[in-house]
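*Asks:* Structure incoming, see below.
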Amino acid sequence: MQNLEHRDALPPLVLAALGIVFGDIGTSPLYTLKECFSPLYGLAPSTGNVLGILSLIFWSISLVVSLKYVAYVLRADNRGEGGIMALMALAKRARPRWRYGLMIIGIAGASLFYGDAVITPAISVLSAVEGLAVVAPQFETYVLPLALTVLVALFLLQRFGTARVGALFGPVMVLWFGTLAGLGVWQILQNPEVLNALNPVHAVVFFVEHRTAAFFALGAVVLALTGGEALYADMGHFGRRPIRWAWFGLVLPALTLNYFGQGALLLANPAAVENPFFNLAPSWGTLPLVVLATAATVIASQAVISGAYSLTRQAVQLGYCPRVDIRHTSEREIGQIYIPVVNWALLAAVVLVILVFGTSSSLAAAYGIAVTGTMVLTTLLAFVVSRYRWRWPLWASLLVTGFFLTLDLSFFSANILKVLDGGWLPLLMGLLIFTLLTTWKRGRELVLDKLEHKSLALKGFVDNMQAHPPLQVPGTAVFLSKSVQVVPHAMLHNLKHNKILHERVIFLTVQIKDEPWLSFKERIELTHLGEGFWQVVAHFGYKEVPSMEEIFQACAQEDLKVTMAKTSFFLSHENLVSTDLPGMARWREGLFVWMNRNSLKATDFFHIPANRVVELGVLLEL
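Following my numbering, the numbering of the sequence shown begins with -18 at its first residue and continues without gaps.
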């Protein structure tokens, strides 16, 4: 995938980025300031408190989003791709000795993202629809059913793809950010005193005066930063320049103006603290604002749902997740995919979360931990990349990442105190996903190790077959192998039961690299093992879909021509049994066996015609 950042392509990329990248952070004004003055913190909307919290929000956005993500982290691209999995891959290549620890950090960050993917749609849509209660209090009873209806419809439409709807994302978000800025400017003009909050002294004074309460309030201030990680995760779709242009050109000014507009409103009317965002609008404009806000939150939700699909595909390719059904929803855009099992799992989780928590305020405590946890892990990985890949001096890496880590840990600490108030939700979801990902990774390692110990060395086997050839039959046989060193079990079972050998045998191993995209020249390694025997090692990036047709096209370039219709594919199917043998705990072995049983068949994943496949079973004791 190429990141085209030509001058003529910049405007449409900026427009598209507004819809995809900034949906989450762009809807944060709906609930951030309201939560900062939640009764939970005991802070009254006095002049000093309003200016102090506004100053905290402004400087948090400036330091964490503008400086950390836009200026620093966006530099860490893995062949143009971003996100915590790409950052983990970069760090692992830069520091192989720390491979296991870096893997744990990356998986933990990915696990927390799934919690974010559940909470973001729930809190965003709920906060938008709650504006109905501002229009008329009697509408409050309809908030929950309407929010659920919007979200269920959103997930039901996922299977059709986002290509058509996506074209509307950019213009809608331009209107949204323009509305944010306009509402903010109107209130600021009426009370320009609020601009004093640009001075960081107000944030310092706020902390000095309130101490414990101010520290707790950081757990609400961080809501203004939600979606910052998306700037980095979506870099592969748009490139650095469009994201930076959109951020500094429209998003940051619009957010700043709106937050300060809400602050100006509170200075003039402290009673508006119940919902300062919707109270910005005149009475006649509240209902249209609710409609626009709902559209913006749907876009924000769509972006995080698509991110969950993309992350799952990466996890599958890198060996952290079982094979799943991945459907492409666009003939032109390879990144537009739909994964049914992820979609329905997210929908079930979102519905359950909304029914349990009921309001956006109740969910606010749960939101922050997932976000701040990912922020901390991103900073740790960024240190490894800056020190060992960019070759920064140790003092420079420590100074920069130490500063950002201090900020991240401050926000994380403030949120971790809210575990009992809802913070347990993303931690529980993150722990569940982390357990699933690590169990699958460890389980596959055990399976591969046992297969290698139960098999024969490939070179010796080929030499023996050439010295003592069995009965040969016409045609080509492809044996899928997990290891390049040993004979696939399917081959051994085929010889044992059928006692024949095809005149041309290809041992095929598919390997996924720690890079998102590979060129066609990097696709295969072809080795002629002897008369009639070939070994093909096919390489794919973690964002690519392995394709048999592409593998055989690459083979044809190396004078190994394979016709799919005249080829038989032999696969081994592992029948796994949990035992007391060393490896994993029995409960993890049972979990792995269940995941393996529900994994998508290799024939479906690699799109091999079912009538060309022979599956041979092998019993493995874990």
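The beta-carbon is built from N, C-alpha and C at its ideal position, and this holds for glycine as well.
#1: Measuring alpha carbon to alpha carbon, tell me which residue in F39, L231, G0 is nearest L206.
#2: Give me the Cα-Cα distance between Q119 and L247, rounded to the nearest whole angstrom.
#3: Please state the DSSP three-state secondary structure of E596.
#4: Does the structure place the region 53 to 63 close enough to the region 23 to 35 that three or more beta carbon pairs sit under 8 Å?
#5: If you run the structure through DSSP and keep just helix, strand and coil, what is H(-13)?
#6: Can you look up G456 in the DSSP assignment and give me helix, strand or coil?
#7: Pick out the complete beta strand (DSSP E) segments inside the region 92 to 167, 3 residues or longer, and give them in chain order.
#8: If we count the other Cβ atoms within 10 Å of its Cβ and call it buried at 16 or more, is Y290 buried or exposed?
#9: Out of curiosity, what's the CA-to-CA distance linking L(-15) and W228?
#10: Quick check on G511: does DSSP put it in helix, strand or coil?
#11: Suppose you measure from the CA of N239 to the CA of V186; what does that come to, to the nearest Å?
#12: Are the Cβ atoms of E63 and Y213 separated by less than 9 Å?
#13: Using a C-beta cutoff of 9 Å, does G7 count as contacting chain D?
#14: What residue range does the beta strand (DSSP E) around N556 cover?
#15: Taking the alpha-carbon of V46 as reference, which of A98, P26, W325, T360 has the nearest alpha-carbon?
#16: For the alpha helix (DSSP H) that contains R567, what are its first and last residues?
#17: Just list the residues that DSSP pairs T490 with in beta bridges.
#18: What residues are listed by DSSP as bridge partners for Y319?
#19: Does DSSP put I505 in a helix, in a strand, or in coil?
#20: Let me confirm a value: H554 is counted as buried when at least 16 other C-beta atoms fall within 10 Å, else exposed. Which label applies?
#21: Answer with buried or exposed for S282, where buried requires no fewer than 16 other C-beta atoms within 10 angstroms of its C-beta.
#22: Which class does R222 belong to by DSSP, given the choice of helix, strand or coil?
#23: Cβ atoms of F385 and N475: under 9 Å apart, would you say?
#24: Could you check whether the region 316 to 334 touches the region 64 to 75, counting it as contact only if at least three pairs of C-beta atoms, one from each stretch, sit closer than 8 Å?
#25: Just mark V189 as buried or exposed, buried being the case when its beta carbon has 16 or more other beta carbons within 10 Å.
#26: Report the start-end ranges of each alpha helix (DSSP H) in the region 320 to 361 that is 4 residues or longer and not cut off at the edges.
#27: Use the C-beta contact count for T544: other C-beta atoms within 10 angstroms, 16 or more gives buried, fewer gives exposed.
#28: Which value, in whole angstroms, describes the spacing of the CA atoms of V175 and L161?
#29: Could you say if the region 388 to 399 and the region 196 to 211 meet the contact criterion of at least three C-beta pairs nearer than 8 Å?
#30: Report the residue ranges of all alpha helix (DSSP H) runs contained in full by the region 12 to 67; include only those spanning at least 4 residues, in chain order.
#31: My guess is that V518 and E506 are in contact by the Cβ rule of under 8 Å, so how many angstroms apart are they, rounded?
#32: Just to confirm, are F415 and A72 a CB contact at a threshold of 9 Å?
#33: DSSP state of E484, grouped into three classes?
#34: Could you have a look at A195 and say whether DSSP puts it in helix, strand or coil?
#35: Please classify E525 as buried or exposed, where buried requires at least 16 other C-beta atoms within 10 Å of its C-beta.
#36: Compare the beta carbon distance of I532 and L489 with 9 Å and say whether it is the shorter of the two.
*Replies:* In short:
#1: The residue labelled residue 206 in the question sits at position 225 within the sequence shown. Answer by Cα proximity: F39.
#2: Taking the sequence shown and counting its residues from 1, the one referred to as residue 119 is at position 138. Taking the sequence shown and counting its residues from 1, the one referred to as residue 247 is at position 266. Those two C-alpha atoms are separated by around 24 Å.
#3: Locating residue 596 in the sequence shown gives position 615, where the first residue counts as 1. The three-state secondary structure of E596, taken from DSSP, is strand.
#4: Segment contact: the region 23 to 35 against the region 53 to 63, fewer than three CB-CB distances shorter than 8 Å; contact not assigned.
#5: For this step, residue -13 is matched to residue 6 along the sequence shown. Confidence at H(-13) is low in this model, with a pLDDT of 40, below 50, so its placement is unreliable and the value that follows should be read with caution. Three-state DSSP puts H(-13) in coil, outside helix and strand.
#6: In the sequence shown, the residue the question calls residue 456 occupies position 475. Three-state result, G456: strand.
#7: Runs of the beta strand (DSSP E) lying entirely within the region 92 to 167 and spanning at least 3 residues: none are present.
#8: Counting from 1 along the sequence shown, the entry for residue 290 is found at position 309. Y290 comes out buried.
#9: The residue given as residue -15 occupies position 4 in the sequence shown. The residue given as residue 228 occupies position 247 in the sequence shown. Residue confidence for L(-15) is low, a pLDDT of 41 falling below 50, so the modelled location carries little weight and cannot support an answer.
#10: As a first step, residue 511 is located in the sequence shown; it is residue number 530 there, counting from the start. The answer is strand: DSSP assigns G511 an E or B state.
#11: Your numbering for residue 239 matches position 258 in the sequence shown. Your numbering for residue 186 matches position 205 in the sequence shown. Rounded to whole angstroms, N239 and V186 show a C-alpha spacing of 23 Å.
#12: In the sequence shown, residue 63 corresponds to position 82, counting from 1. In the sequence shown, residue 213 corresponds to position 232, counting from 1. Checking the sequence shown, residue 63 turns out to be Gly, not Glu. The Cβ atoms of G63 and Y213 lie closer than 9 Å to each other.
#13: Here chain D cannot be found, since the structure has a single protein chain.
#14: As a first step, residue 556 is located in the sequence shown; it is residue number 575 there, counting from the start. Where N556 is concerned, the enclosing beta strand (DSSP E) stretches over 548 to 558.
#15: For the purposes of this step, residue 46 is taken as the residue at position 65 of the sequence shown. When each option's Cα is compared against that of V46, the closest is T360.
#16: As a first step, residue 567 is located in the sequence shown; it is residue number 586 there, counting from the start. Note, R567: alpha helix (DSSP H), 567 to 578.
#17: Position 509 of the sequence shown, counted from the start, is the residue given in the question as residue 490. Paired residue(s): V518.
#18: As a position in the sequence shown, residue 319 is number 338, starting the count at 1. R308.
#19: Your numbering for residue 505 matches position 524 in the sequence shown. In the three-state reduction of the DSSP assignment, I505 falls in the strand class.
#20: Position 573 of the sequence shown, counted from the start, is the residue given in the question as residue 554. Counting Cβ neighbours within 10 Å, H554 comes out exposed, since fewer than 16 surround it.
#21: Taking the sequence shown and counting its residues from 1, the one referred to as residue 282 is at position 301. S282 counts as buried, since at least 16 other C-beta atoms from the protein chains shown sit within 10 angstroms of its C-beta.
#22: Counted from its first residue, the sequence shown places residue 222 at position 241. Correct three-state label for R222: helix.
#23: Here the question's residue 475 lines up with position 494 in the sequence shown. Here the question's residue 385 lines up with position 404 in the sequence shown. Going by C-beta atoms, N475 is not nearer than 9 Å to F385.
#24: With the rule of 3 Cβ pairs closer than 8 Å, the region 316 to 334 does not count as touching the region 64 to 75.
#25: In the sequence shown, counting from the first residue as 1, residue 189 sits at position 208. Burial call: exposed.
#26: Runs of the alpha helix (DSSP H) inside the region 320 to 361: 321 to 338.
#27: Counting from one through the sequence shown, the residue named residue 544 turns up at place 563. Flag for T544 reads exposed.
#28: Looking up residue 175 in the sequence shown gives position 194. Looking up residue 161 in the sequence shown gives position 180. Cα-Cα distance, rounded: 16 Å.
#29: Cβ pair count under 8 Å is three or more, so yes.
#30: Here the runs fully enclosed are 13 to 17, 28 to 41.
#31: Translated into positions along the sequence shown, residue 518 becomes position 537. Translated into positions along the sequence shown, residue 506 becomes position 525. Right, the Cβ-Cβ distance comes to about 4 Å (below 8 Å), so this counts as a contact.
#32: As a position in the sequence shown, residue 415 is number 434, starting the count at 1. As a position in the sequence shown, residue 72 is number 91, starting the count at 1. Their beta carbons are not under 9 Å apart, which means F415 does not touch A72 by this criterion.
#33: Here residue 484 refers to the residue found at position 503 when the sequence shown is read from its first residue. The answer is strand: DSSP assigns E484 an E or B state.
#34: By one-based count along the sequence shown, residue 195 stands at place 214. Under the three-state reduction of DSSP, A195 is assigned to helix.
#35: Translated into the one-based positions of the sequence shown, residue 525 becomes position 544. Its Cβ being crowded by 16 or more others within 10 Å, E525 is buried.
#36: Start at 1 with the first residue of the sequence shown, and residue 532 comes out as number 551. Start at 1 with the first residue of the sequence shown, and residue 489 comes out as number 508. Going by C-beta atoms, I532 is nearer than 9 Å to L489.
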